[in-house]
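Numbering (the working numbering), first residue to last: 562 to 802.
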């Protein structure tokens, strides 16, 4: 219902914004930064049209230099729009193969230079992990959802997969835990009431902190920090639990 509201309120602008993203996606000479700029513009317009406010906390925790990976909990289809509006630094997603060719997602994926991963193909997954590590070393930023799928449990997380952190380990890059709260509401609830989604960019884990840990231990620690943030918020706002 909210997606329909976004399209109806934007109308002709929606075609314009989508056209710009499509243009970025088909021209290799257009930078990923330019693709990110248009994806952000489109997201800002869509969120306002859909009556969704993004409240970002902890932006000062983002590393000074590019070349980091953000690891958020995965609540729903709206999660990507939260980052596109709130994050000031260009980034790309790592998305599952099943979503890679959905209309609009496909164009955004290409415009941002995102990666797709086939969870059933170990060899392909390892190639993606290696390629992403190389690009992170060169100063690109990425988002990986370590749960592997959206939780469908509101403000509660699922197990974080250790394999999600292999790229960070190979790149020796900062790991930025991110806590999403109420991101499931905009697209999962059959409502167009105004809603506020919160994102907390938590303090990063640098390589020196996690170099002696197993990836499963890193996953547990990142989840602990995110859960701690969500629990702290919901305790002060019981209706969000």
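Positions of the beta carbon are idealized from the N, C-alpha and C atoms, including for glycine. Fair warning: this is a prediction, and the values are worked out from it, not measured in the lab.
Taking 8 angstroms as the cut-off, the Cβ atoms of residue 728 and residue 694 count as close. Taking a contact as a CB-CB distance under 8 angstroms, the pair residue 736 and residue 783 counts as one, their CB atoms being some 7 angstroms apart.
Relative to the Cα of residue 685, the nearest Cα in the group 707, 777, 662, 658 belongs to 658.
Looking from the CA of residue 701, the closest CA among 566, 593, 565 belongs to 593. The shortest CA-to-CA distance from residue 732 to any of 692, 680, 743, 777 is the one to 692. For residue 755, the closest of 618, 610, 665 by C-alpha to C-alpha distance is 610. Exclusion of the five residues before and after residue 578 leaves 603 as the residues of its chain whose Cβ lies within less than 6 angstroms of its Cβ. For residue 600, the CB contacts under 7 angstroms within the same chain, skipping 5 residues up- and downstream, are 582, 645, 669, 672, 673 in chain order. The Cβ atoms of residue 718 and residue 634 sit closer than 8 angstroms to each other. Every beta strand (DSSP E) stretch that sits fully inside the region 676-761 and reaches 3 residues is listed by chain position as 676-678, 736-742. Beyond the five residues adjoining it in sequence on each side, residue 776 comes within less than 7 angstroms, by CB distance, of 723, 724, 726, 727, 730 in the same chain, given in chain order. According to the DSSP secondary-structure assignment, residue 618 is paired through a beta bridge with 761. Of 590, 596, 585, 608, the smallest CA-CA separation from residue 566 is found for 608. The DSSP assignment places complete beta strand (DSSP E) segments of no fewer than 3 residues inside the region 590-650 at 613-618, 630-633, in order along the chain. Spanning the alpha carbons of residue 638 and residue 749 requires a straight line of approximately 8 angstroms.
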